[in-house]
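Worksheet: the structure to be examined is printed underneath.
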Amino acid sequence: MTISIWRYSHLALAVSSFLFITLASVTGIILSFKPITEKTQSYRSKDFDKLTVAEVISQLKKSYIDIGEVTIYSNQFVAVNGTDLHDQSGNFYVDPATGKSLGKVGKENAFFQWVTTLHRSLFLHETGRIFIGLTAFFLFLIATSGTILIIQRQRSFKKFFGKIVKDGFAQYYHVVLGRLMLIPIIIISISGTFLSLQRIGIIKEQKITHKVDFDALKTVPKRMVSDFKVFKNIPLSQIQSIEFPFSEDVEDYFTLKLNDQEITVNQITGEILTTQPYSNATLLNNLSLDLHTGRASAVWAIMLAIASANILFFIYSGFVIWWKRSSGRIKNKYQSDQAAFIILVGSENGTTFRFARAIHEQLLKNGKTSYIAELNDYKIFPKAKQLLVFTSTYGQGESPANAKKFISLLEKNPQNHSVDFAVVAFGAHAYPDFCKFGYEVNNLIAHQAWAKPLLEIHTVNDRSPEDFNRWATLWAQHSGLQLNSISKLLEAKPIKKQQFEVVGKTVSTHIETSFIIRLKVKGRKRFTSGDLLAIYPANDHRERQYSIGKIGKDIQLSVKLHGGGIGSGFLYNMEIGQVLKAVIIRNEHFHFPEKVKTVIMVSNGTGIAPFLGMLNQYGEGRNIHFYCGFKDSASFAIYENALQTDLPKLTKLNIAYSRAGEKQYVKDLLAKDATFICEALNDGGVLMLCGSLAMQNDVIDWLENACQQFSKQSISFYQSRGQVLMDCY
Ligand SMILES: Cc1cc2nc3c(=O)[nH]c(=O)nc-3n(C[C@H](O)[C@H](O)[C@H](O)COP(=O)(O)O)c2cc1C
């Protein structure tokens with residue numbers, strides 16, 4: 114089954130029941146306070162667990178002249194319905210150890226009573242009970258489909274509780290809290306469904322009747338109640354109620370409702386007259402009541418309140434996720450058979466539509482006929498001049514839901530004239546199969562006889578507007594179009610920035626200027642090496658990200674000064690003492706693997722930055738091998754000084770100079786240590802890559818071969834186990 118069937122089921126169930134679920138959750142939260150408030154009253158005897166029925170009855174006989182029934186509530190309060198020595202009749206809480214009255218059993222709180230009726234039947238009697246029963250069952254189905262979605266998202270059952278890739282607040286916490294609250298919610302929903310089935314009468318209640326053989330009743334030997342063997346053997350904690358004999362006649366007897374059966378006891382001899390075990394339905398009903406109401410435990414009642422509050426959060430976050438997805442809905446001015454520009458979008462969560470729409474609107478502004486649709490709507494476009502495909506990748510490098518049919522449609526519907534095409538692949542480096550579906554689509558279209566490539570495939574990491582703008586500018590040039598406000602269209606909400614003071618700067622004397630800049634965080638913010646610092650050099654939407662090395666409490670960045678580079682130029686011109694505004698972005702997939710024995714760090718150029726920090730933070734007593742590449746010793750010099758103090762922490766440092774000496778690249782150094790690297794990976798070691806994408810491609814190609822030869826494994830085997838971490842640019 115595909116991810117989308119479960120997703121649609123999850124959504125359909127949630128939409129059809131969210132009003133009732135909201136009501137049941139709100140009333141559920143209120144009702145969970147009932148057992149909590151009861152627990153705070155002092156009617157429970159501290160000896161409750163030690164007492165037997167014989168002890169309790171003999172104590173009660175001292176304080177009451179007539180007893181009808183003794184009831185033991187789930188909260189372990191004991192109540193007697195009878196008449197005491199002062200001729201006071203009624204229902205009293207008693208201390209079972211002394212038989213003393215603790216106060217009259219009051220009427221149930223009217224507010225809780227009202228909420229209970231609303232929670233159980235919406236004041237609609239039988240019909241309301243059916244609705245509530247269905248709501249509980251729907252909640253169970255929503256929890257089940259949600260569980261399957263989490264398993265699919267995590268790629269296997271084993272990784273159910275594994276790390277979750279952050280994909281927006283609502284989505285992230287929908288999954289995180291969904292996992293945490295799964296068991297309580299499933300318990301609430303199953304027990305709620307069961308109780309409703311019983312109240313509606315689908316599960317029949319057990320009717321217990323005791324068939325006492327009155328002819329066989331004995332009147333000897335006469336015993337004191339406190340000497341009844343059966344009463345001595347039953348602890349109070351196993352009792353729900355004790356019905357006392359109506360008169361002193363031998364035909365009247367004690368009826369004891371225990372937790373698992375009902376028994377009757379001769380009031381003169383103390384022998385057991387009849388035994389009626391509870392049916393499974395009765396046992397399940399009692400268990401469901403305990404679990405659904407929290408009546409037996411204040412701790413569980415608190416858990417129920419938390420789970421109910423979480424259900425409300427799931428409704429909210431689910432709505433946000435749905436809203437984000439559906440905000441990508443399509444409006445078209447021109448029909449598909451009129452348009453010269455066809456934009457097809459593959460998107461699971463709707464964000465790719467934002468980018469596609471920006472281009473669509475630009476085309477319309479330029480007076481072009483543009484048509485935008487989902488990839489699944491691919492067909493013959495009679496007037497198409499350009500086919501632009503924007504698609505994300507999901508699952509394990511799979512297509513998003515609205516692009517599942519594209520590949521078969523492409524083969525079935527060849528265009529009848531030549532069409533230029535370009536593919537923009539949206540993905541995230543956090544996933545091992547970066548933009549895989551985009552590449553697949555690009556390949557397939559390229560093989561069509563009618564298709565003429567307009568531009569190379571372009572990737573957009575993590576919805577980066579910069580990545581996208583680069584493509585848009587290039588595309589506009591090739592298409593002879595004017596781009597005005599793409600960035601405005603893509604503008605995200607204002608970002609909350611933090612202040613950072615420049616506390617150090619070291620500039621390389623090499624002709625290709627690189628520099629190290631140190632920043633002190635003003636205020637409090639947690640970060641670690643491998644996180645990213647996003648700066649906004651022109652104080653507009655333009656963002657530049659730098660990999661952070663954490664040295665002491667400071668941020669250390671390594672930057673290469675690019676002629677005309679707005680980010681590097683901005684940082685280069687900062688003086689010590691000046692303050693800049695920036696944002697720390699958590700980049701969890703590139704954090705140092707603290708629990709791993711061997712770590713192999715590979716970098717070129719300024720990609721050394723996070724590793725300098727990692728060595729400083731975690732280098733002590735570990736097996737760290739560092740392979741770094743520079744042009745020559747002069748370009749390494751600036752980092753050599755920075756490395757000085759932490760150098761002894763390294764197991765081995767390997768430096769490749771591409772323009773001096775043997776003229777080699779990091780890949781060549783790795784190739785020399787191929788056996789060590791493959792063995793380290795097989796042994797659970799981690800290889801971390803930071804630097805240029807060209808270096809990344811080189812190293813990954815080499816590693817693929819090396820792994821195949823050495824261990825007959827593809828590199829994706831290690832990638833999917835988090836053993837090859839990359840942060841290249
Ligand atoms: C569950 C899940 C799986 C993903 N799998 C991949 C993947 O295999 N490769 C990749 O490059 N990106 C992957 N991504 C990242 C998305 O492709 C990326 O966030 C994209 O911008 C989402 O676009 P959309 O909102 O239009 O679907 C995945 C995201 C999620 C939430």
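Position 111 of the sequence shown, counted from 1, bears residue number 224 in my numbering, the numbering being contiguous throughout. All C-beta atoms, glycine included, are put in the ideal place defined by N, C-alpha and C.
The secondary-structure analysis by DSSP pairs Ile-493 with nothing; it has no beta-bridge partner. Just so you know, the alpha carbons of Ala-747 and Asp-644 end up roughly 28 Å apart. For Arg-657, the enclosing beta strand (DSSP E) stretches over residues 657-660.
Ile-434 sits close to Ala-283, with the two beta carbons spaced by under 7 Å. No heavy atom of ligand 1 is found nearer than 6 Å to the CB of Ser-269. Taking 7 Å as the cut-off, the Cβ atoms of Ile-737 and Val-712 count as close. Judged by DSSP secondary structure, Pro-723 falls within the alpha helix (DSSP H) whose first and last residues are 722-731.
Contact holds between the region 488-503 and the region 518-535, because three or more Cβ pairs, one in each stretch, are under 8 Å apart. Distance from the CA of Phe-426 to the CA of Pro-566, rounded to the nearest whole angstrom, comes to 47 Å. The nearest non-hydrogen atom of ligand 1 is less than 6 Å from the C-beta of Phe-547. The criterion of a C-beta distance shorter than 7 Å is satisfied by Lys-175 and Gly-212. When DSSP states are grouped into helix, strand and coil, Phe-743 belongs to the strand group. In this structure, the C-beta of Arg-266 approaches ligand 1 to less than 6 Å from one of its heavy atoms. When the alpha-carbon of Phe-367 is set against those of Trp-588, Gln-374, Ala-469 and Ile-385, the nearest one is in Ile-385. According to DSSP, Thr-622 shares a beta bridge with no other residue. In terms of Cβ geometry, Ala-127 and Ile-255 form a close pair [threshold 7 Å]. Note on geometry: alpha-carbon atoms of Gln-730 and Ile-664 lie some 7 Å from one another. Looking at Thr-165, Phe-161, Asp-160 and His-199, the one whose alpha-carbon comes closest to that of Ile-178 is His-199. Note that the C-beta distance between Gln-826 and Val-799 is not below 7 Å. Within its own chain, the residues whose Cβ lies closer than 6 Å to the Cβ of Lys-765, once the five positions on either side in sequence are excluded, are His-738, listed in chain order. With respect to His-702, Thr-641 sits apart: the two C-beta atoms are not nearer than 7 Å. In the structure shown, Arg-157 adopts extended strand secondary structure according to DSSP, grouped into three states. Bridge partners of Lys-663 according to DSSP: Ile-668.
The closest heavy atom of ligand 1 lies less than 6 Å from the beta carbon of Pro-513. Residue burial is scored here from C-beta neighbours: Met-337 has fewer than 16 other C-beta atoms within 10 angstroms and is therefore classed as exposed. In the three-state scheme derived from DSSP, where H, G and I count as helix and E and B as strand, Gln-448 is classed as coil. Per DSSP, the beta bridge partners of Met-839 are Leu-802. The beta carbons of Glu-614 and Gly-662 sit about 17 Å from each other, so the pair does not count as a contact at 8 Å. In the structure shown, Lys-213 adopts coil according to DSSP, grouped into three states.
For the alpha helix (DSSP H) assignment, the uninterrupted runs of no fewer than 4 residues enclosed by the region 460-545 are, from N- to C-terminal side, 464-478 and 519-525. Per DSSP, the beta-bridge partners of Ser-354 are Thr-184 and Lys-370. For Glu-239, the CB stays at least 6 Å from every heavy atom of ligand 1.
The alpha-carbon separation between Lys-317 and Gly-246 amounts to approximately 15 Å. Spanning the alpha carbons of Leu-164 and Thr-332 requires a straight line of approximately 28 Å. A straight-line Cα-Cα distance of about 10 Å links Leu-136 and Ser-421.
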